[in-house]
Every structure is written in C-alpha cells, then in structure tokens.
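Last residue of the first sequence: 1616 in this note's numbering, with the numbers rising by one and none dropped.
Every residue gets a Cβ at the ideal spot worked out from N, C-alpha and C, and that includes glycine.
Step one of this worksheet: look at the structure below.
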Amino acid sequence: MAQISEKVRTRFAPSPTGFIHIGNFRTALFAYLFAKHNNGVFVLRVEDTDQNRKVEGAINVLLKTMQTMGVVADEGYYLSEKNKVEDRGNFGPYLQSERLDLYQKHIQDLVEKGSAYYCFCSEQRLEDLRKEQTALKKPPMYDKLCRGLSTTEIAAKQEDFVANGTRPVVRFAIPPEGVTTVQDLIFGNVEYENKLLDDQVILKSDGFPTYHLAVVVDDHYMQITHVIRGDEWIPSTPKHLLLYKAFGWEPPAFAHVPLILNPDKTKLSKRQGDVGVEDYLNKGYLPEALINFVAFLGWNPKTEQEIFSLAELVAEFDLNKVNKSPAVFDINKLDWINSKYIREKSNSELAELLMPYWVDAGLIKQDEKLAKEFLEDIAGLEKERLKKLSEIGERTGYFFAEPAFNPELLAWKKSTLADARIKLSRVKDLLSTIPDETFANAKLLQDALMAYITEQGFDVGAVLWPLRVALTGQQFSPGPAEVASTIFVGLGKEEIISRIDKAISL
RNA sequence: GGCGCUAUCAUCUAAUGGUUAGGAUAUGUGGUUCUCAUCCACAAAAUCCGGGUUCGAUUCCCGGUAGCGCUACCA
C-alpha cells in the first residue's frame, strides 16, 4: 500500500490514436486532479505497443488537446513553446516503443523463473480452440498446451520458428489456484478466482509486449503510486496484480473510474455523436466548460455548487466522492454550463474566440480587418444567447451583409404592415435628429427611442418590432437599439437609414 | 456461455434505518419584455422487482430483472 509520506504520482497513458476520447479525458482529468490535490506528480506516457493502430502525428494532436484543456503533465510528454513534442523527467523514455529492451529483459526474467512460457500455437489453432469452446458453451480460454513443454521440445520448436522467420509469443503462467483480490479505491474489493484467468500473452511475435506487461513494468519503474484508469480494466487487474507478484514488486493503488454512456446507455461511441474532446472544442465548447462538465460526470463535491474552475476542482477533488455507477453524457447540461462560461467572458475575449467561427461561416474573410469595437459589440449582444461558439454565424449574418426577408415579417402581431411602414418613416425622421454620441451608446439610443414613442403615444411594439426587423431581417434577435448602435459603430449611420428605407419600400 | 460491475425524477446527482426524498439541467406555466435570450416565480417529475432483518427499509442482507464491461499476438 502506498504510504502517506510517499509522493503521489499518477499517470495518463493514452495510445496514440489521433484524438482523445471524452471518457479517457475524464479519467486523465481525475488522475490530474488527484495528483494536484495531493501535491503530487502527473505523468503522461504514450502506449504505442500496438503498431497496427499507430497514427501519424497523433501524439502532437493529443498533447495539443491536453494543453488547450489546461491539463498538462509535469513529467513525460508535453508540448514545448514551439509546439514541439518533448519529454521531461527521470523515468523516460515515456514512449513504450522505446522501452522494448526493458520489457524483453523482464519477460526473460519471468520465463527463467517459470512464471511465463513460450507458446508456439498457431493463430489457426487458437481460433479453432475458441470456436470449439464457444460451441460447447465453455469460456474461451487458452488450454495451456505449451505450458508443459520440456526444454528439448522448446528448443526444437524454437528452431522451426527461426527457420520460418517467425517468433513464438510468451504467455504469463497464471497460478492455477487461489483467489486474487483487487482492492479498488472506488469499487472496493473485487475477488477473482485464478483458475478463471487466462494465460495472457505478454510478448507478441513482433517483439512488442502487450498492454498487460508494459503497463505493469512502466507503472513500476515510473513509480506510479495510484493507477487511475477506466473501469473496463477491472477484469484485467488481477492479472496485473499477479504480474507484480511474479516480479516481486509492490503494486500501486488502483482506482477504476466508471464509464461514460450514450443517452441510450451504451458505451459512449462515435456512432452516436462526437466522442473526441477535439470535436467539442471545434464546436465551440470552452475548455473550462468541458472540464467543469466532465468532472461532474461521476463525481460531485456534495455541495450545491456546480460551477467550478480547474483550480477549484483541484482543491475539492476527492476519489472517495467518485461514484461507482456509469453516467450518461447529457449534452443539455454541457450547453448550459458552456453558456454560463460564455457569459463570463469579456466582450473582447469573446470576440477573439468567435473570430474563427465567423471566418468559417464566410462572414469575415481570413485576413479582413474589421473594427475591433464592432466585433466586440456583436459579441456582447450575443453573449447571453450563445450556447456554443459555432452558433455565432447563423445568428449574426445581418451585421455583415444586408438582410433579406419577407416584408410580412415587418408587421407586428398587434398591428399591420402599412402601419409598420408609417412607424419606420417616423423613426427615420427621429434618427436624423439624434446626435452621433447617442448612436454610439445603445442605452442612450434606447432612451431616445422610448422617449419618442411615449411622446407620440405609440405602442412600443408597433415601433420597435418593425425597426428591429428592418435592421436584422430576423424574427428573433437582440433589441433594435442595441443592433442599431452596433451597426452605427461598424457600418455607420447611413447603413441604418438605408436598411429602414429598404424596409419601407419593400 | 463464463466472470465482474452497476441500479434515486428523462439526465447529472444529494440524503437518510423514521424527511413533504433535496439541488441542477431539460420540460411546462406565469412574470419582466417589441421578439428571442437573460432574469424571477411556480409546476410536473424518482428510490427497478420480490423476499428477508427490523417497531420501521429507498437505505442493510439475499434472490431476480435490466443495463453495462471484460472474455485478442487491441488498448
């Protein structure tokens, strides 16, 4: 067991697949929070033992995502200031494919101790065996055929393999009897009968170790004190424990985190929407919102506070408060949290965040220079309406191009189109008497408008509705004074007058 | 098939051997309002089923059911 005085070391060990699954990210976040809460170290190591699944440039993407999320490793891989993949720490290399010698040495060690053995069975035999077992409704397991091979038999088979240019795999010899108990910080004790555990392959024929061997060796040498990982690993944990025992090592503490589910309660998968952290980032969910949301899937502080910064999470996080039951990923709640964070941004921060989405929507050209003030004003108007950044395009098109709309829309529900036109021309007259300083301030402009409406004894809606539609072409939008003031700032008073003229003559 | 895990409103969850089972999101209604959004108020909404233990079980135990995970030379 980990001593209290020992420095906590946790790790995130993704495979380089090119994106970070939201469930993996949450696990990484928990590992990070736990380490930081205990003044420990958070390590990032890359598990690339499956050469078939290797994706070019994946580590870069991975680190970039971690960095924008603000969850950066103290040790292992990180992204340098020049966006280069670098590593740091005393327990490297942090890429498993660069640690092959270490694994092979330990596998050899196990073979010599009799805790592991060469297996010469062909894939065909293994497949047939599995089919047969399944047909008989028996659990598919390796039948340990090679476990009893004599030294001379092994030598002979080795020779055949060498002649064919192939290599045998190595399997871990599970003790035939006894019970292995996983003591999990979240799930409690889970018992497994050894005889039900399969003799797992630990060295593949391509010379790479499997996950099971590599994870144990690495966690040991990297001095990981708490293995925090997804709960799909619980069933393999007894094998890992037995491996620690075979090596004569003290195992770390384990904390398995429950899964994240689709709304239909299946394991969160690509088929039912986005699963990559990158996907959500691209849609305009803010990193802090994503972190806040994901942290609350399976964990909560047991108070009524729901909005937490990363620093607050570090202060509050406690593995004891992690639930055992899986949680459904509820996009509505994410939207709500995201909109809360959007509202907390300053107009200028928000305008900057919004820029790529305006470009994306074709409203602003890549290197087009627009008045900062204009964009900030627009950002301010939309701030409390946006659920995610990507919505900005469809909401603000009228600021960048004259709106086209059906004239019928000009008619307020309690009035008529003809009346709308009359009101618009009256408003136009009024606006020509209003000084620029008033235009520049939405509040003052609103006051001026209201004063006029009251003085004339008009219905408020009979004036504001058509004016708003004339300016925006939209059924729903921010108020006319706010919009007019923003148009004034970005496009000038003439644009306002021209839109009103246009609406009158439509 | 085997092994394992899980089970409170639609969703995220709180709480408890005795409570009107609490909050949040989403939903609905009303207020504010030219519209939308915000904001405010209100409403509807849950302890999977069956046994046991107990004066009393949503809570503890057992069984069932359901869901999920694992069952690879993938992680």
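Rounded straight-line distance, which links the Cα of residue j to that of residue i
i            : j            : result
residue 1332 : residue 1122 : 12 Å
residue 1613 : residue 1399 : 41 Å
residue 1226 : residue 1180 : 42 Å
residue 1210 : residue 1313 : 10 Å
residue 1493 : residue 1550 : 19 Å
residue 1608 : residue 1581 : 9 Å
residue 1127 : residue 1162 : 10 Å
residue 1252 : residue 1324 : 21 Å
residue 1288 : residue 1301 : 10 Å
residue 1292 : residue 1238 : 32 Å
residue 1421 : residue 1407 : 18 Å
residue 1158 : residue 1315 : 16 Å
residue 1347 : residue 1249 : 19 Å
residue 1240 : residue 1338 : 32 Å
residue 1341 : residue 1485 : 46 Å
residue 1205 : residue 1506 : 46 Å
residue 1594 : residue 1478 : 22 Å
Residue i classed as buried or exposed, judged by whether at least 16 other C-beta atoms fall within 10 angstroms
i            : result
residue 1286 : exposed
residue 1599 : buried
residue 1537 : buried
residue 1428 : exposed
residue 1596 : buried
residue 1579 : buried
residue 1555 : buried
residue 1114 : Any reading at residue 1114 is ruled out, since the residue's pLDDT is 46, under 50, leaving its predicted position unreliable.
residue 1419 : exposed
residue 1193 : exposed
residue 1591 : buried
residue 1290 : buried
residue 1586 : exposed
residue 1490 : buried
residue 1124 : buried
residue 1388 : buried
residue 1137 : buried
residue 1533 : buried
Nonlocal neighbours in the same chain, by C-beta distance under 6 Å from residue i, ignoring five residues either side
i            : result
residue 1350 : 1326
residue 1423 : 1143, 1405
residue 1146 : 1424
residue 1525 : 1572
residue 1131 : 1385
residue 1445 : 1497
residue 1403 : 1444, 1447
Three-state class that DSSP yields for residue i in the structure shown
i            : result
residue 1412 : coil
residue 1633 : In the structure as shown, the chain begins at 1111 and stops at 1616. Residue 1633 is therefore absent and cannot be evaluated.
residue 1370 : strand
residue 1164 : coil
residue 1113 : Confidence in residue 1113 is poor, its pLDDT being 43 and thus under 50, which makes the residue's placement unreliable; the coordinate value appears in the next sentence. The answer is coil: DSSP assigns residue 1113 none of H, G, I, E or B.
residue 1493 : coil
residue 1507 : helix
residue 1453 : helix
residue 1518 : helix
residue 1386 : strand
residue 1473 : coil
residue 1377 : strand
residue 1548 : helix
Any non-hydrogen atom of the ligand ADP closer than 7 Å to residue i Cβ
i            : result
residue 1584 : The model depicted lacks the ligand ADP and carries no ligand whatsoever.
Same chain only: Cβ atoms within 8 Å of residue i, ignoring 5 sequence neighbours per side
i            : result
residue 1335 : 1112, 1116, 1117, 1118, 1119, 1120, 1150, 1362, 1363
residue 1267 : 1228, 1230, 1259, 1278
residue 1540 : 1558, 1559, 1562
residue 1439 : 1132, 1370, 1371, 1372, 1373, 1378, 1407
Sequence-distant residues of the same chain with beta carbon closer than 7 Å to residue i, five excluded per side
i            : result
residue 1583 : 1508, 1513, 1514, 1515
residue 1254 : 1309
residue 1529 : 1572
residue 1470 : 1503
residue 1174 : 1189
residue 1395 : 1444, 1448, 1498
Delimiting residues of the alpha helix (DSSP H) encompassing residue i
i            : result
residue 1129 : Unbroken run through residue 1129: none, as it is neither H nor E.
residue 1367 : Run containing residue 1367: none in the alpha helix (DSSP H); it sits in the beta strand (DSSP E), 1363-1367.
residue 1280 : Element bounds for residue 1280: not the alpha helix (DSSP H) but the beta strand (DSSP E), 1279-1282.
residue 1185 : Unbroken run through residue 1185 is the beta strand (DSSP E), 1185-1189; no alpha helix (DSSP H).
residue 1291 : Looking at the DSSP string, residue 1291 is not in any alpha helix (DSSP H); the run it does join, the beta strand (DSSP E), is 1289-1294.
residue 1157 : It is not in any alpha helix (DSSP H) - residue 1157 carries neither H nor E in the DSSP assignment.
Beta strand (DSSP E) segment containing residue i, residue limits
i            : result
residue 1339 : 1336-1340
residue 1244 : No beta strand (DSSP E) contains residue 1244, which is instead part of the alpha helix (DSSP H) from 1233-1245.
residue 1274 : Taken as a continuous stretch (DSSP letters only), residue 1274 belongs to no beta strand (DSSP E), being part of the alpha helix (DSSP H) at 1261-1274.
residue 1592 : Unbroken run through residue 1592 is the alpha helix (DSSP H), 1590-1601; no beta strand (DSSP E).
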